[in-house]
Amino acid sequence: MVRDIDLKSINTIRMLSVDQIETAKSGHPGICMGAAPMAYNLFTKHLNINPQNSKWFNRDRFVLSAGHGSALLYSMLHLSGFDVTIDDLKEFRKLNSRTPGHPEVNHTHGVEATSGPLGQGLAQAVGFAMAEKHLAGKYNKENLNIIDHYTYAIVGDGDLMEGIANESLSLAGHLGLGKLIVLYDSNDICLDGKLTTSFSENVLEKLKGMNWHTIRVENGDTEIEAINNAIEEAKKVKNKPTLIEIKTTIGYGSPNKGGTNGVHGAPLGKDEHVLTKQKLGWEFEAFTVPHDVKELFNKHVIERGIAAENKWNEIFEEYKKNYKEEYDDLVSAINGEINIDFSKVMPLYKNGEGVSTRNASGFAMNAVTKNYKHLFGGSADLAHSNMTYLKDEGDFTKETPEGKNIWFGVREFSMSAAGNGIMLHGGLKSFVSTFFVFSDYLKPAIRMSAIEKLPLTYVLTHDSIAVGEDGPTHEPIEQLAGLRAIPNVNVIRPADAHETNAAWQIALEAKDAPTVLVLTRQNIPVNADFDCVENVRKGGYIIDASKEEPMLQIVATGSEVSLAIEAKKALEEEGIYVDVISMPSFNLFDKQSFDYKNSVLKPGIKKLGVEMASSFGWHKYVDETLCIDTFGASGNGDDVMKHFGYTKENLVKKVKELL
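Quick note: the sequence shown uses my numbering, first residue 23, plus one each step.
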């Protein structure tokens with residue numbers, strides 16, 4: 023039996039959403055109308071949030087993975103007391119509004135994650151749940167569960183068709199993320215038409231095989247109590263995540279478009295809007311919230327949320343009295359504090375010592391984690407190749423959630439999107455890692471890191487043709503140019519172990535941008551000073567200055583810097599004087615002042631760029647390049663580098679030709 027106030031509240035959600043879309047003349051009404059009952063149930067009966075303190079740390083997290091249903095989310099946020107006004111709803115999808123076409127974290131009050139590219143919201147929800155499980159294992163004490171909250175997500179058929187969804191569902195089931203509850207808006211319609219034309223999986227049976235608990239609600243349009251009971255059942259399952267398939271009618275209430283793809287991605291239109299209001303018995307003006315609906319949300323969302331936080335605050339105070347050290351540590355983590363004197367922590371190397379930058383990265387990470395307790399991350403089945411394993415810190419498993427090393431398996435895309443979720447959750451500093459060439463598998467998640475302004479660290483090793491025997495499928499060429507082109511991403515390719523120390527310091531101190539560390543497999547000599555962090559922070563600097571007025575400048579990155587220094591010495595013996603510039607980060611260098619950039623890249627002097635990668639993007643800095651605009655080759659690494667001209671002798675020849 024559906025109470026009148028429940029139906030009235032659900033129709034309020036439906037019509038607020040439709041009103042937004044009709045006003046904007048753009049949007050996706052179908053999911054907003056069909057999924058309104060599950061959203062209503064979740065927010066008013068289960069979701070523990072406090073709109074008056076939206077960053078309360080132990081709140082439940084909600085991710086609308088089907089981000090095209092943003093009007094539904096904005097309706098829920100408005101009704102729930104977040105700072106999303108009726109005027110904001112009227113500005114839906116307009117330039118500079120607080121209600122953009124897809125949800126954006128830190129832009130709209132109450133939005134927990136940016137979503138829209140299907141599947142990534144689900145993967146971020148998995149990251150939220152991983153963070154909760156880890157922090158609970160790390161900090162909770164008997165009778166003092168200070169980290170104890172759920173992560174909920176609404177997904178659609180499109181989410182579940184994406185490859186990242188398969189990766190994420192598999193990982194979540196393997197890890198036994200019992201605090202993750204996914205509501206599946208199962209309406210049998212996709213943008214092109216009936217779902218049966220492209221998707222025929224038995225989703226529930228598939229997920230059972232992935233160690234998920236599954237529930238099916240046969241009629242999500244009207245069986246409100248069945249949805250509530252399903253969520254209650256899901257919350258009782260502690261050892262595995264739950265997916266609730268809720269059968270709905272897309273565009274429920276629309277007499278001519280409901281149940282069809284015509285309501286998926288376009289407004290109802292004026293006439294159908296009127297007919298829908300008539301069918302739903304909605305007699306109110308556009309953007310109206312009836313008083314009794316306001317009262318219901320005030321009682322069942324706002325007041326319930328305030329009470330939940332007050333109860334938690336009492337528990338947290340008790341925790342503070344009994345476990346002051348852990349309390350202080352957690353508060354510091356929540357605030358994102360990095361209280362490290364890196365000059366006393368980072369490894370010191372001898373000048374000329376041969377160290378691969380992947381090894382240097384591993385040494386730096388392990389040095390840091392002895393002094394900073396909040397690193398949490400892992401690799402896509404390459405931890406011992408990427409050198410990202412944190413020694414003596416344990417493994418994150420369903421049995422040992424306090425462990426810091428995550429075994430992501432060969433799930434690069436899901437790994438990185440989950441890393442975004444971990445960072446969004448807060449209280450941790452996350453990293454992910456794989457071979458650099460496989461950054462193509464996770465690039466959309468890097469883009470999302472940048473959009474969400476998340477300081478996630480990507481550790482990408484085996485950075486060039488020096489990989490050798492594995493051949494062109496494993497030798498990055500175009501990846502550097504592609505990642506450098508993404509706004510708000512700091513790509514750093516350090517020249518040696520000391521620059522790698524600096525790169526890690528920059529990554530850990532970052533507040534609003536991801537850092538991509540591009541690292542070698544092969545050993546390279548140490549040339550930079552131990553205290554080079556400010557030079558690296560500027561993106562480029564003269565690492566080896568000419569003894570005389572320079573005739574040319576060699577600009578190099580990564581392992582090629584040491585090659586440039588070798589060539590410089592040979593050239594000096596012939597009376598040819600050059601500067602060698604280490605350019606670890608184009609992105610950071612471009613942010614420097616005009617005067618600084620001119621002090622490094624001196625006007626009026628010819629410049630040669632040297633990098634074992636595509637020349638794309640280099641010509642704004644240099645006159646000529648020694649780069650690679652073809653794919654690599656299989657063979658001994660030294661032989662492959664020689665084949666492509668990366669020898670001291672050939673570099674000397676190139677300099678002479680340019681002069």
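No residue lacks a Cβ here, since even glycine has one placed at the ideal position from N, Cα and C.
Per DSSP, cross-strand counterpart(s) of residue i
i	result
P477	Paired residue(s): none; P477 is not in a bridge.
D566	V602
F398	S452
S208	K269
F10	Because the chain spans 23 through 681 in this model, residue 10 falls outside it and cannot be assessed.
V85	A175
P547	G376
I203	Y174, T264
K163	L166
L482	T456, V540
K216	I211
Three-state secondary structure assigned by DSSP to residue i
i	result
I35	helix
I603	strand
N115	Checking the displayed sequence, the identity of residue 115 turns out to be Arg instead of Asn. Note: R115 maps to coil in three-state DSSP.
G132	coil
R433	coil
V24	coil
S137	coil
A175	strand
L541	coil
F150	helix
F364	helix
K629	strand
F79	coil
M60	helix
M663	helix
R120	coil
Beta carbon of residue i nearer than 8 Å to that of residue j
i	j	result
Y172	K201	yes
A57	I176	yes
G275	L302	yes
D210	K216	yes
L290	V40	yes
L610	V632	no
Q527	V555	yes
T218	L226	no
G280	T271	yes
T410	F453	yes
G132	L86	no
S636	I499	yes
G159	A93	no
L464	F398	no
Boundaries of the alpha helix (DSSP H) in which residue i is found, first to last residue
i	result
L193	185-197
E521	519-531
Y618	616-622
A355	346-356
E223	Unbroken run through E223: none, as it is neither H nor E.
I514	Looking at the DSSP string, I514 is not in any alpha helix (DSSP H); the run it does join, the beta strand (DSSP E), is 512-514.
N251	246-258
E679	670-680
V555	555-559
K642	Premise fails: K642 is in no alpha helix (DSSP H) and is neither H nor E.
Y96	92-101
A682	Here the chain has residues from 23 to 681 only, and residue 682 is not among them.
R506	501-506
F611	608-612
Extent of the continuous beta strand (DSSP E) run through residue i
i	result
I576	574-578
H235	235-239
I324	That residue, I324, is in no beta strand (DSSP E); it is neither H nor E in DSSP.
E307	Segment: none, E307 is in no beta strand (DSSP E) and carries neither H nor E.
E646	646-648
Within-8 Å CB hit, residue i to chain D
i	result
S461	In the structure shown, chain D cannot be found, because there is only a single protein chain.
Distance cut-off 7 Å: residue i Cβ against heavy atoms of the ligand COA
i	result
T136	With respect to the ligand COA, the structure shown offers nothing to examine, as it has no ligands at all.
Worksheet item: Three or more beta-carbon pairs under 8 Å between the region 176-187 and the region 139-149, yes or no?
Response: yes
Practice prompt. Take every Cβ of the region 537-552, pair it with every Cβ of the region 470-483, and state whether three or more of those distances are shorter than 8 Å.
Written response: yes
Discussion item. Taking 8 Å as the cut-off, does the region 201-213 touch the region 146-156 (at least 3 CB pairs, one atom from each stretch)?
Written reply: yes
Worksheet item: Counting Cβ pairs closer than 8 Å, one from the region 460-479 and one from the region 435-443, do we hit at least three?
Response: yes
Worksheet item: Are the region 566-582 and the region 596-608 touching, with three or more C-beta to C-beta distances below 8 Å?
Response: yes
Discussion item. Any contact between the region 85-105 and the region 322-333? By contact I mean 3 or more CB pairs, one from each, below 8 Å.
Written reply: yes
Worksheet item: Per the contact definition of three or more C-beta pairs closer than 8 Å, is the region 60-77 in contact with the region 110-117?
Response: no
Worksheet item: Is it a yes or a no for the region 558-571 touching the region 380-392, going by three-plus beta-carbon pairs under 8 Å?
Response: no
Worksheet item: Can at least three beta-carbon pairs, one atom from the region 342-357 and one from the region 516-523, be found at a separation below 8 Å?
Response: no
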